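Asker: Provided herewith is a single structure, encoded as structure tokens, for subsequent inquiry.
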Amino acid sequence: MKNLIFALTLLINPYLMTADLGVSKDFIERFSSLPSYTNVDISPDGKMISVITKMPDEKKGLTIFDANDGSLINTITFPKEEEVADYVWANNERLLIRIGYFDKKWGRGSPGEYFSINYDSSKPAYVFGMRSRAGQQKTKGKVIDKRSSGYIENILEDDDNHVVLAASPWGKSNTGAYAIAVRINVYNGQQKKLGKSPLAGGSIVTDSKGVPRFAVGSDINNNTVTMYRASKTDDWEELSRAPFGEGEIYPVNISKDDSFIYILDSTETSTTQFKKINTQTGETEVVFHHPRFDAIPQIIDDEVLGVLVNPGYAKAYWFEVDNVELQDSILQVIQEFNGNIDQFNKKQVGVVALTKKRDKAILSIADSSSSPKFWLYDMKKNKMRYLFAMWPEIDDAGLEAEVPFKFKNSDGVTIYGYHTPAKNQQEGQKVPLIVIPHGGPHARDVWGFDPDTHILSQAGYGVVKVNFRGSTGYGKEFTKLGFGEWGGDTQEDIIEATEWAIEQGIADPERIGIYGGSFGGYSAAMAPMLRPDLYKASVAYIGVFDLEMLYNEGDIKGIKWGGKYLDKTLGKDPEKIKAMSPVLQAHKLEAPIIIVSGKEDQRAPIEHAYALSKALEVAGKEHELIIVPYEGHGFRQPANRLMLYTKMLEHFSSL
585 MKNLIFALTL LINPYLMTAD LGVSKDFIER FSSLPSYTNV DISPDGKMIS
635 VITKMPDEKK GLTIFDANDG SLINTITFPK EEEVADYVWA NNERLLIRIG
685 YFDKKWGRGS PGEYFSINYD SSKPAYVFGM RSRAGQQKTK GKVIDKRSSG
735 YIENILEDDD NHVVLAASPW GKSNTGAYAI AVRINVYNGQ QKKLGKSPLA
785 GGSIVTDSKG VPRFAVGSDI NNNTVTMYRA SKTDDWEELS RAPFGEGEIY
835 PVNISKDDSF IYILDSTETS TTQFKKINTQ TGETEVVFHH PRFDAIPQII
885 DDEVLGVLVN PGYAKAYWFE VDNVELQDSI LQVIQEFNGN IDQFNKKQVG
935 VVALTKKRDK AILSIADSSS SPKFWLYDMK KNKMRYLFAM WPEIDDAGLE
985 AEVPFKFKNS DGVTIYGYHT PAKNQQEGQK VPLIVIPHGG PHARDVWGFD
1035 PDTHILSQAG YGVVKVNFRG STGYGKEFTK LGFGEWGGDT QEDIIEATEW
1085 AIEQGIADPE RIGIYGGSFG GYSAAMAPML RPDLYKASVA YIGVFDLEML
1135 YNEGDIKGIK WGGKYLDKTL GKDPEKIKAM SPVLQAHKLE APIIIVSGKE
1185 DQRAPIEHAY ALSKALEVAG KEHELIIVPY EGHGFRQPAN RLMLYTKMLE
1235 HFSSL
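By the working numbering, the letter at position 291 of the sequence shown is numbered 875, and the numbering carries on one by one without gaps.
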């Protein structure tokens, strides 16, 4: 066993760089980088395009271009460790920026502090947080304590001088802070309280005036609670209170005229119903419901144009809407890229931003084999102009496309997943296969661009990703099938997806590996213990390996409902929990395994990695432990990501 604690200067050793990994060092470095362009927006008048840009020092700045000719207008950066975390256009000249912090050792974070500035860098001001005018006041005129964080809840389209923030005091996330809607002057930070959530530890949705009308939170028993009120003067009414996994009501948005609240409701059905509530009468109408897949509303300009469901490729259902011109323009683009308007089987088309007159839009065009691209779309002229790629460093040429698949497992349940062939893989050719279980476990994989997949595919491996029982997107009953089955039925689905690939003749049964992060890291250890004959190599990244330890170590235990969440998802049978813990099944492992953990990980603390390493050492099993300093639950530093990918490819080269 090798026990390695990497220092930044020792991340890449000569052996790693000379080993035949199937791809070049330059290729891995490009895919290890973080995106260069994110959060693209357009000014309300359509004259300027803005984008968060990765600077040479890896910090994030805000770059502003002329929308007509693409010329650079300005770049806004911050001193020392500060950077741009997020932003919005408050009006045609004013930008509201959420301050972030970047440290090459500790990574990124944001305390929810807001800074306001004109596009030309004039009139700078801290408008929310510790350094704002209100934050520095002792008592008089201060609505929110300076030790608070906030997020922008409402731009207030008809008010150029104000936005609405949902603010919560620090240090109360475990007991539950009550979100407060605060109107903030974007020039001087002056505050006015507009209302408070009736629920702790949740979020609010406000109407066109910024008044809270819908609230979501959770109680001490981990019940999801939703409440709404018809107007500012009405009392709050409880809509639902349901245990985790038993359905919930979640707000989507409020119509421009405040007459309807749109919600997603899974309290009465397994898959989500998309509904609207009449704020005057309280009447509820089901707008859309699919019996097998959860609905994903498509909202542009506060109008719901339709919904998507996502069995493999996303499928669209469009509604009759008031803004027919806007909908027709978007559907025309979808038709152009996909050959139809009902299925995103070639390109995912999304509206990222829209001008106030609804005549120009920023579109995101993406697929599974190329980095997402951003375009400027003039809807009046029906013309599109390419702007830039999210990852310009990545050469898309030759990347393989991801293909959805489905099969019935041994229990008769339909399981969905995605297969990406190895580079230049021919029909009928059996290649080494890497299975990548997703994290969560109550999450899902979707069709789209994934650097992990392409690194492995280009190195000569086929890749399978599977939405096992317990995943989301297929209704609450499918999610509940994973409760208490982390090491049982969930792993069986991962194993049977692997066997599906072998049966299809696309995978060499003697050359199967598994890699995953978080719950995927757990699975990368557990599945080879259950089927030592099937998996020949494993990389378990930021995983949990001692399930009993989850009650005592990490951040879940500190959440007010953390224990009840674990009781629900793991089950209460102590013997079954032990049987599902890799640390107690280490003697079954035959595949060599690399265990990778971030020293500062709070979700999957390094104690899990050390415990598994010790158990494997006692059992005499081949393994390597890598603990990376200054990293948490998911590596943020490109150098550390490069190390991870390089070690992974070196490890799988033995297949």
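C-beta: ideal position from N, C-alpha, C; glycine also. No experiment lies behind these values; they were computed from the predicted model shown.
(1) Could you check where the alpha helix (DSSP H) with N1224 kicks off and where it finishes?
(2) Let me check understanding here. Comparing Cα to Cα, which of V809, S839, A814 lies closest to D849?
(3) Does the Cβ-Cβ distance between A900 and Q919 come in under 9 Å?
(4) Using three-state DSSP, classify Y1125 as helix, strand or coil.
(5) Quick check: the stretch 1209-1216 against the stretch 1061-1078, are at least 3 beta-carbon pairs closer than 8 Å?
(6) Flag this pair as yes or no: are the beta carbons of G696 and G734 separated by less than 9 Å?
(7) Shortest alpha-carbon distance to P895 belongs to which of M1164, P1176, G1059?
(8) Leaving aside the five residues before and after I1078 along the sequence, list all residues of the same chain whose C-beta is less than 7 Å from its C-beta, in chain order.
(9) Tell me which residues share the same chain as G1100 and place their Cβ nearer than 6 Å to its Cβ, disregarding the 5 neighbours each side in the sequence.
(10) If you draw a straight line from the alpha carbon of F615 to that of E1191, how long is it in whole angstroms?
(11) Among all the DSSP beta bridges, which residues are the ones paired with W1084?
(12) What does a CB cutoff of less than 6 Å around A945 pick up in its chain, not counting 5 residues either side in sequence?
(13) Mind reading off the beta-carbon distance from S954 to D980? Whole number of angstroms is fine, and I expect it under 8 Å.
(14) Cutting at 6 Å between CB atoms, please list the residues of its own chain near S757, excluding the five before and the five after it.
(15) Which class does H1022 belong to by DSSP, given the choice of helix, strand or coil?
(16) Report the option in N922, G693, E737, T659 whose CA atom is closest to the CA atom of S706.
(17) By the 10 Å Cβ neighbour count, where 16 or more other Cβ atoms means buried, how is H1171 classified, buried or exposed?
(18) May I ask which residues mark the beginning and end of the beta strand (DSSP E) holding A558?
(19) Would you kindly report the start and end of the unbroken alpha helix (DSSP H) that includes M811?
(20) Counting only the same chain and skipping the five closest in sequence on each side, list residues whose C-beta sits under 8 Å from that of S1041.
(21) Can you tell me whether G725 is buried or exposed, with buried defined as 16 or more other CB within 10 angstroms of its CB?
(22) Considering only their Cβ atoms, is the gap separating I1086 from H1217 smaller than 9 Å?
(23) According to DSSP, is K967 helix, strand or coil?
(24) What's the gap between the Cα of L1131 and the Cα of D1151?
(25) Does the structure place the stretch 991-999 close enough to the stretch 1021-1040 that three or more beta carbon pairs sit under 8 Å?
(26) Within 10 Å of its beta-carbon, does E869 have 16 or more other beta-carbons around it, so buried, or fewer, so exposed?
(27) Determine, using beta carbons only, whether V668 and G684 come nearer to each other than 9 Å.
(28) Indicate the three-state DSSP secondary structure (helix, strand or coil) for N658 in the structure shown.
(29) With H, G and I counted as helix, E and B as strand and the rest as coil, what does DSSP make of D1036?
(30) Quick one: using the 10 Å Cβ neighbour count with 16 as the cut-off for buried, is K722 buried or exposed?
(31) For E1076, name the three-state secondary structure that DSSP assigns.
(32) Going by C-alpha distance, which of D604, N676, S843 is nearest D742?
(33) Which residue comes first and which comes last in the alpha helix (DSSP H) that contains P835?
(34) On the CB-based measure, 16 or more other CB atoms within 10 Å of its CB, does L778 come out buried or exposed?
(35) Which stretch, first to last residue, makes up the alpha helix (DSSP H) that contains V908?
(36) With a threshold of 16 other CB atoms inside 10 Å of the CB of E1076, please say whether the residue is buried or exposed.
Answerer: This is what the structure holds:
(1) The count along the sequence shown starts at 1 and reaches residue 1224 at position 640. Per DSSP, N1224 belongs to the alpha helix (DSSP H) from 1222-1236.
(2) In the sequence shown, the residue the question calls residue 849 occupies position 265. For the residues V809, S839, A814, the minimum Cα distance to D849 belongs to V809.
(3) Indexing the sequence shown from 1 puts residue 900 at position 316. Indexing the sequence shown from 1 puts residue 919 at position 335. No, the pair does not count as a contact, with Cβ atoms beyond the cut-off.
(4) The residue given as residue 1125 occupies position 541 in the sequence shown. Strand, per DSSP.
(5) no
(6) Locating residue 696 in the sequence shown gives position 112, counting from the first residue. Locating residue 734 in the sequence shown gives position 150, counting from the first residue. Yes, Cβ-Cβ distance for G696 and G734 is below 9 Å.
(7) The residue labelled residue 895 in the question sits at position 311 within the sequence shown. It is G1059.
(8) Translated into the one-based positions of the sequence shown, residue 1078 becomes position 494. The residues are V1019, P1021, V1050, F1052, S1107, A1111.
(9) Within the sequence shown, the letter at position 516 stands for residue 1100. Only I1020, P1021, S1107, A1108 meet the Cβ criterion.
(10) Translated into positions along the sequence shown, residue 615 becomes position 31. Translated into positions along the sequence shown, residue 1191 becomes position 607. Straight-line Cα distance between these residues: approximately 29 Å.
(11) Against the sequence shown, residue 1084 aligns to sequence position 500. Partner(s): none; W1084 has no beta bridge.
(12) Taking the sequence shown and counting its residues from 1, one reaches residue 945 at position 361. Closer than 6 Å at Cβ, skipping near neighbours: V935, L938, Y961.
(13) For the purposes of this step, residue 954 is identified with residue 370 of the sequence shown, where counting begins at 1. For the purposes of this step, residue 980 is identified with residue 396 of the sequence shown, where counting begins at 1. Their Cβ separation, rounded to whole angstroms, is 4 Å, which keeps S954 and D980 in contact under 8 Å.
(14) For the purposes of this step, residue 757 is taken as the residue at position 173 of the sequence shown. Bear in mind that a pLDDT of 49 at S757, under 50, signals an unreliable position, so the number given afterwards is only what the model happens to contain. Excluding positions up to five away in sequence, the list is empty.
(15) Along the sequence shown, one-based indexing puts residue 1022 at 438. Coil at H1022, not helix or strand.
(16) Here the question's residue 706 lines up with position 122 in the sequence shown. The shortest Cα separation from S706 among N922, G693, E737, T659 belongs to T659.
(17) Counting from one through the sequence shown, the residue named residue 1171 turns up at place 587. Exposed: under 16 other Cβ atoms inside 10 Å.
(18) Any answer about residue 558 is impossible in this case: the structure gives the chain only from 585 up to 1239.
(19) As a position in the sequence shown, residue 811 is number 227, starting the count at 1. No alpha helix (DSSP H) contains M811, which is instead part of the beta strand (DSSP E) from 807-812.
(20) Within the sequence shown, residue 1041 is the residue found at index 457, counting from 1. Answer for S1041: L983, E984, T1004, P1005, A1006, K1007, V1047, listed in chain order.
(21) Within the sequence shown, the letter at position 141 stands for residue 725. For G725, the pLDDT reaches just 44, beneath the cut-off of 50, and the residue's location in the model is therefore unreliable, leaving the point undetermined.
(22) Start at 1 with the first residue of the sequence shown, and residue 1217 comes out as number 633. Start at 1 with the first residue of the sequence shown, and residue 1086 comes out as number 502. No, these two residues do not count as a Cβ contact at 9 Å.
(23) Position 383 of the sequence shown, counted from the start, is the residue given in the question as residue 967. Three-state result, K967: strand.
(24) For this step, residue 1131 is matched to residue 547 along the sequence shown. For this step, residue 1151 is matched to residue 567 along the sequence shown. Distance between the alpha carbons of L1131 and D1151: 11 Å.
(25) no
(26) As a working note, residue 869 is residue 285 in the sequence shown. Exposed is the call here.
(27) To locate residue 668, count along the sequence shown from 1; it is residue 84. To locate residue 684, count along the sequence shown from 1; it is residue 100. Contact: yes.
(28) Position 74 of the sequence shown, counting from 1, holds the residue named residue 658. N658: strand per DSSP, three-state reduction.
(29) Position 452 of the sequence shown holds residue 1036. Looking at D1036 - three-state DSSP - the assignment turns out to be helix.
(30) Start at 1 with the first residue of the sequence shown, and residue 722 comes out as number 138. For K722, the predicted structure reports a pLDDT of 46, less than 50, and the residue's modelled location is therefore unreliable. A value from the coordinates is still provided. Classification for K722: exposed.
(31) Locating residue 1076 in the sequence shown gives position 492, where the first residue counts as 1. E1076: helix per DSSP, three-state reduction.
(32) Taking the first residue of the sequence shown as position 1, residue 742 is located at position 158. Cα-wise, what sits closest to D742 is N676.
(33) Position 251 of the sequence shown holds residue 835. P835 -> not in any alpha helix (DSSP H); beta strand (DSSP E) instead, spanning 833-838.
(34) Counted from its first residue, the sequence shown places residue 778 at position 194. With 16 or more Cβ atoms within 10 Å of its Cβ, L778 is classed as buried.
(35) Translated into the one-based positions of the sequence shown, residue 908 becomes position 324. It spans 908-922 - the alpha helix (DSSP H) in which V908 sits, taken as one unbroken run.
(36) As a first step, residue 1076 must be located in the sequence shown, where it is residue number 492. Classification for E1076: buried.
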